[in-house]
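Note that the sequence shown covers residues 35 to 196 in the numbering used here. Please read the structure below before turning to the comments.
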Amino acid sequence: MARTLVVDHERCCGCDYCVLICSFSHGGVVRASGSRVRVYRHEDEALYVPVLCEHCEEPPCIPACPLEAIGRDAETGIVTIDGGRCTGCGICLGSCPFSAIRMDPERGVAIACDACGGDPACAKGCMADAIRWLEAEPPVRREKREHAERRRGALRRILEVR
């Protein structure tokens, strides 16, 4: 059965371990700019919002990419970006309703969470259990959508303060 990432920002303690382990697992170095996970903060409210690809049921980034560098793995359902095809035009960045796609400053291509190919390091390492890798059964998918919508609202609040 397919699995999915469920992110509950209300459990996030802001430790950034997900950011660090992601960058290390993808590039062999701890470099926040190379991470596919970001944690937005509103320190006054102790509000931490992990942002990573939701692997949407109908990802708007896929049709937005003019070079077809973004696709979905038919077996796992994971949305992936082919760094060899991506030219760094940035069109996909604006298409993501969760602001989960970013540009890798070293390679100049778009990057997003790829769930580590089905074994997400961020979920394994999250001590607060804010990021979980679960069977994608209907109740879990519903929970995922609910958390995603709440995270979107929290992220908007943080970005408005900035």
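Beta carbons are placed, not taken as given, at the ideal position from N, Cα and C, and that holds for glycine.
Give the C-beta separation of residue i and residue j to the nearest angstrom, bearing in mind that I take them to be a contact with Cβ-Cβ under 8 Å.
i, j, result
"Pro-100", "Ser-129", "Not really, about 11 Å apart at Cβ, beyond 8 Å."
"Ala-96", "Ile-104", "Residue 96 is actually Ile in this sequence, not Ala. Rounded, the Cβ-Cβ distance is 5 Å, consistent with contact."
"His-76", "Val-195", "6 Å"
"Val-40", "Arg-166", "5 Å"
Report yes if the C-beta distance between residue i and residue j is below 8 Å; otherwise report no.
i, j, result
"His-89", "Ala-149", "yes"
"Pro-84", "Ala-170", "no"
"Cys-49", "Ala-155", "no"
Sort out for me which residues DSSP pairs residue i with in a bridge.
i, result
"Ala-144", "Met-137"
"Ile-115", "Ile-104"
"Pro-84", "Val-73"
Taking DSSP as the reference, what is the three-state secondary structure of residue i?
i, result
"His-76", "strand"
"Val-64", "coil"
"Cys-150", "helix"
"His-181", "helix"
Over what stretch of residues does the beta strand (DSSP E) that includes residue i continue unbroken?
i, result
"Val-40", "37-41"
"Glu-169", "165-169"
Hey, could you find the ends of the alpha helix (DSSP H) residue i is sitting in?
i, result
"Leu-127", "125-129"
So, does the CB of residue i fall closer than 8 Å to a CB anywhere in chain C?
i, result
"Glu-91", "Among the protein chains of the structure shown there is no chain C, as only one such chain exists."
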